[in-house]
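Its first residue numbered 0, the sequence shown is counted upward by one per residue in numbering that gives the first Met the number 0. Positions of the beta carbon are idealized from the N, C-alpha and C atoms, including for glycine. One structure is given here, and the rest of the page talks about it.
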Amino acid sequence: MGVTIKMPLTFEVCFPEEEQKSIDHYLKDLGKDMRLLIGSFLLGIKNSGSKFSGLTGFLPEYFSEANFQFANSVYKRMVIFARENDFDIESFEVLYPMSSLTYFEYVYDNPAEFDNKEYSREEFLDIEINFFKAYTVFNQKTITERGKDLAQNFKEYDIEDNLTNFFIGNNLHSFDITDYQLNKVFYCQFLKAYSFFEFLESFQGSEHLIKAFYNYYDVPNFKKYLHKLLGIVFPVLTAKREAQTEIHLEADKQEELSLFIDKHIKLDDERLTDFDFTKTRSYPLYKIDEGKYRIIYPLFVVEMIYKGLYFRFKDINATLPENQQLKNLYGIKNLEFSEQYLLNQTLKKIFGNRFIQKSGKELDAEFEGAPDYYVRNGKRIFVFESKDVLLGKEIKQSTNYNEVLEKLKITFVENEKAKAKAVLQLKDTIREILTQSLSFDKNAPSEKAHIYPILIVHYRMFNTPGMNKLIDGWFKNALSILNEEGLNVENVRSLIIIDMDTLIYNSHFFETRKLSFEDCLLEYHTKYFNINLKNHRFKNQQQVDDIISESYASFAHYLDNKIDDKYRRPKPTELLEKMISVVTK
């Protein structure tokens, strides 16, 4: 388990005696087509289990035989560097998704001077070396220079140099892009999109937007829309080899499907201002010929299914006459769909008809400040707050860590107007439990209650190592207020962050009672998150370091690994049934 740290190659380490030149210099001989081809190759490489992983995986695969001497000199240099700095040579990587994405954004912003050309053998060999050098410069900018800026910020604002801040500072900007399972992403994207269509079709006042959406994409209903969209996504999921994936349309459907695809790769990047790498997200595949498309980044293609859906609805909603527009579409998607409809649907599967359960929607109608979901099994109480929020790209990518901390506090503790957010909302609900003033469950025990505060998030970025430690630290500060009021908070567990995708992806194991939700929370709480080193015997310092590192990993990481290690995942029945309903007439 734990947090694995890989070290991408940088120019100054690979070529310590060589003067670094500009990116433009290294890429000057690459035409537009070659730049796009290399970029899609880099972004098409798997984020885990890749044959290109490590120096011994990448160097012989990337370089032609005629450049093996150059590749070997790079490897020897890294062996020396690893030995001198007490690093494991296996910990080095050439590729880093953040650098690959930064390269692609560079390609969009810096058009080549020519589209294509025939390269001589000598030119091609030079391009191999020059592009490799350019890539190590991108690595240096995204890692070394970023690290220096971050360290300066820690010093300037006297930020405590602990593991929590280290992990968040060095991983938040990249975690959702480097740490994911593509099959899990697809599973959740499809089911969430399906649910969103069902929700929106039944939502009062949405009829004009729904009709305009179907007209724009030339489909009779959402199932036909998802059917067509699967035609873009399936080549990614079924690709037999990594690094290069293309879509070739059948001749008889070429015109119809080309129009559909073109509408999905022309999303205005201004609509994605909250997300990083907006150009690549806007154009996750590109046309190479009539009826032929090349995938740029598999992850962003899969995330078109649901993550991009809101922006497509938003664009179409803006074209409608004002009296036909669906007002507050953003709030409807975030609050009424994500934080209520989807949360209720998922937790109902997990808990079934057992225990006392109250949804936020039914509670909000009668009780002010009620939680988003409440479950009680005897003296065990689970209190949920759900927040469909994200950090905008300026904060997510920022090296001003003081601003990151401030934004996280505003998002999860208390906003600029002193309005309580998740942490303080959970604290207030716990106060009501401990003072026996919980109006919607008057039989809830007080001091004997074992309370599990849970924060549901809707973006992978909040699974960044250390994030749960940080938010729980603020939660413990809030609990100290209750302690000062004379309330016994001894049986209040640590706040645990769980992302919605992890609940959806693993709900089967709770629904069928192969796993107990409470047991998993307790195991994560005691054996990982709040590990007591005194209860373990260690053979060496490495074992100590590993177990400490594990305590900073997210609940999502713990649960996915627990299930994958101990169980065989069954056929995803719900996913298959809904996919069949989409692809059959």
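beta-carbon residue i near the ligand HEM non-hydrogen atom, thresh 6 Å
i: Gly-290; result: Judged by which ligands are present, the structure shown has none, so any question about the ligand HEM falls away.
Assigned secondary structure, residue i (DSSP; H/G/I helix, E/B strand, else coil)
i: Arg-492; result: coil
i: Gln-19; result: coil
i: Asn-220; result: coil
i: Glu-269; result: Here the model assigns Glu-269 a pLDDT of 44, short of 50, so the residue's position is not dependable, and the following value carries that caveat. Helix at Glu-269.
i: Leu-407; result: helix
i: Asn-376; result: strand
i: Ser-358; result: strand
i: Ile-294; result: strand
i: Asp-363; result: helix
i: Ile-209; result: helix
i: Glu-112; result: coil
i: Gly-351; result: coil
i: Met-303; result: coil
i: Pro-234; result: helix
i: Pro-444; result: coil
i: Glu-606; result: What is shown of the chain runs 0 to 584, which leaves residue 606 out entirely.
i: Val-388; result: coil
i: Asp-518; result: helix
i: Ile-432; result: helix
i: Phe-439; result: coil
i: Ala-317; result: helix
i: Leu-36; result: helix
i: Ala-250; result: helix
i: Gln-203; result: coil
i: Tyr-102; result: helix
i: Pro-569; result: coil
i: Gly-146; result: helix
i: Glu-117; result: coil
i: Phe-336; result: helix
i: Asp-559; result: helix
Sheet register partners of residue i (DSSP bridge)
i: Pro-452; result: Val-382
i: Ala-419; result: Glu-413
i: Lys-286; result: Tyr-292
i: Glu-245; result: Arg-293
i: Asp-498; result: Val-456
i: Phe-91; result: Met-6
Rounded distance between the beta-carbons of residue j and residue i, thought under 8 Å
i: Ile-264; j: Ile-246; result: Going by Cβ atoms, the distance from Ile-264 to Ile-246 rounds to 11 Å, so no, they are not a contact pair.
i: Lys-420; j: Thr-410; result: 7 Å
i: Lys-386; j: Leu-454; result: 7 Å
i: Asn-115; j: Gly-30; result: 5 Å
i: Asn-505; j: Ile-562; result: 6 Å
i: Tyr-451; j: Arg-512; result: Tyr-451 to Arg-512, Cβ: 18 Å. No contact.
i: Phe-86; j: Met-6; result: 7 Å
i: Leu-208; j: Lys-395; result: At roughly 30 Å, the Cβ-Cβ gap does not stay under 8 Å, so Leu-208 and Lys-395 are not in contact.
From the options, residue whose alpha carbon lies closest to that of residue i
i: Lys-326; options: Gly-359, Leu-199 and Leu-35; result: Leu-199
i: Leu-284; options: Ser-257, Leu-308, Phe-528 and Asn-352; result: Ser-257
i: Ser-173; options: Gln-203, Asp-157, Tyr-186 and Ile-142; result: Ile-142
i: Val-301; options: Asn-182, Phe-195, Arg-76 and Asp-251; result: Asn-182
i: Thr-237; options: Ile-294, Asp-160, Ala-133 and Ser-21; result: Ile-294
i: Leu-35; options: Tyr-107, Tyr-186, Lys-395 and Gly-485; result: Tyr-107
i: Asn-529; options: Leu-514, Asp-178 and Ile-495; result: Ile-495
i: Phe-259; options: Thr-279, Tyr-102, Cys-519 and Lys-227; result: Lys-227
i: Pro-597; options: Lys-291, Cys-187 and Glu-60; result: Limits of the chain in this structure are 0 at one end and 584 at the other, which puts residue 597 out of reach.
i: Ile-304; options: Tyr-329, Ser-358 and Phe-221; result: Phe-221
i: Arg-145; options: Ala-317, Pro-320, Asn-399 and Asp-157; result: Asn-399
i: Thr-345; options: Arg-240, Lys-418, His-507 and Glu-393; result: His-507
i: Tyr-74; options: Thr-9, His-207, Asp-160 and His-556; result: Thr-9
i: Ala-70; options: Leu-58, Glu-365 and Ile-79; result: Leu-58
Exposed unless 16 or more other CB atoms sit within 10 angstroms - verdict on residue i
i: Lys-567; result: The sequence shown places Arg at residue 567, rather than the Lys named in the question. Result: exposed.
i: Tyr-193; result: buried
i: Pro-15; result: exposed
i: Lys-416; result: exposed
i: Lys-210; result: exposed
i: Ile-470; result: buried
i: Arg-375; result: buried
i: Ser-201; result: exposed
i: Ser-515; result: exposed
i: Gly-618; result: The displayed coordinates of the chain run from 0 to 584. Any statement about residue 618 would go beyond what the structure contains.
i: Arg-536; result: exposed
i: Gln-188; result: buried
i: Asn-467; result: buried
i: Ser-337; result: buried
i: Asp-371; result: buried
i: His-24; result: exposed
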